[in-house]
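S.K.:
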Amino acid sequence: MIMSISLRQLRYLVAVADHQSFRKAATTLNVSQPAMTAQIQLLEQSLDGLVLTRSRRGVAPTALGEAVIAKARGILNEVESLRALGVAAAARPLRLGVIPTVAPYLGPDAVEFGGAYAAEGVELVEGRTADLIAGLRTGTLDAALLALPDQGTLGRDLETATAFAESFFVLLPDNDALAGSPQVSLHDLSERTLLLLEEGHCLADQALSLCGETQKRGPVRAASLSTLSRLVARGKGITLLPAMAVSVESHVGDGTVVRPLPDPAPGRTIGIAWRKGATGERCWRRLAQALGRLKPAQDEAQIPALLPMAAE
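Numbering (UniProt numbering), first residue to last: 1 to 312.
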């Protein structure tokens, strides 16, 4: 019967060859001599031949043993090289990809919280969803902070942890007829010009899905929500903002107002994705929990203050 050969057996064999003594080799590796002898005997059974001989002058390798020892040294050196790669990987910052509609609002918090959970901190890399997911699969990214798609769409090779769900709000010019309403419906928006982010942004896809492909669109496809909010302030159309962006992108007196959509309001789920078995899983789960604790403050403190009524 062919038996498996373990790294332990190879390590013991090389140690005995180096010290020319079972006793000295066992002491060096901090194992008992009988345990070392038993492992080398198992190795000999796997090889169907003796690798060491004993005499009054000590222990010496057989011809088979010399060949095996040479191979074993190479194997053990390669294993140490692999370990060195792991040490180097652990000594660098973890790379966290972030989509552009999240980065300005949660990016600084992700760096701060991540630094508490990762020994070398967290480094942000901004990119669109498709690019971030590709980066996870190629190993150029350790994780991604994004609007989570369906698990079936994401793939079974990736793990996710949810941080929170957030609603979408409508950003209107403050002189729009709908600005005096406490809330607006998607039907109310059907005659307005919808301002969108560039193609490839998941928020643009979500806006089109909600408002319909036939909705009139603005002439500009912006790269950021900040650009969209300035266009709204100039009366060029309306747009959708995720809750986390409201306090940054709209202020009383800047030419815009924010209105909620009726319940159940559409929205998105923010979370972190990473490769199964990849470095830092514990960090990413803890980071998702920490970011999730920011959600109540967004809903309770930020949104109500940014809903000025026309009477004001």
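Just so you know, even glycine gets a beta-carbon here, dropped at the ideal spot from N, CA and C.
Remember, predicted model here, so these are calculated numbers, not experimental data.
Would you decide whether S250 is buried or exposed? Buried here means 16 or more other CB atoms lie within 10 Å of its CB.
M.R.: When all chains shown are included, S250 counts as buried.
S.K.: Which residues does DSSP list as the beta-bridge partners of T269?
M.R.: According to DSSP, T269 bridges with A165.
S.K.: Beta-carbon separation of V111 and L145 under 7 Å?
M.R.: Taking 7 Å as the Cβ cut-off, V111 and L145 do not qualify as a contacting pair.
S.K.: Give me the Cα-Cα distance between A25 and Q41, rounded to the nearest whole angstrom.
M.R.: Answer to the nearest angstrom: the Cα atoms are 15 Å apart.
S.K.: Can you give, in chain order, each stretch of the alpha helix (DSSP H) that sits fully within the region 166–191 and has at least 4 residues?
M.R.: Correct list: empty.
S.K.: Where DSSP assigns a beta bridge to W274, which residues make up the other side?
M.R.: W274 is bridged to E159.
S.K.: Just to confirm the assignment, what range does the alpha helix (DSSP H) spanning A130 have?
M.R.: That run of the alpha helix (DSSP H) goes 129–138.
S.K.: Does the beta-carbon distance from R156 to L196 come in below 7 Å?
M.R.: Not closer than 7 Å, so no.
S.K.: Could you compute how far the alpha carbon of L208 sits from the alpha carbon of T138?
M.R.: Each residue's Cα considered, the two are about 30 Å apart.
S.K.: Cutting at 7 Å between CB atoms, please list the residues of its own chain near A301, excluding the five before and the five after it.
M.R.: Below a pLDDT of 50, predicted positions are generally treated as unreliable, and A301, at 41, falls in that range; no measurement from the model is reported.
S.K.: For S247 and P266, what's the separation of their Cα atoms in angstroms?
M.R.: Approximately 19 Å between the Cα atoms of the pair.
S.K.: Would you call the region 46–56 and the region 90–99 in contact, with 3 or more CB pairs under 8 Å?
M.R.: No, the region 46–56 does not touch the region 90–99.
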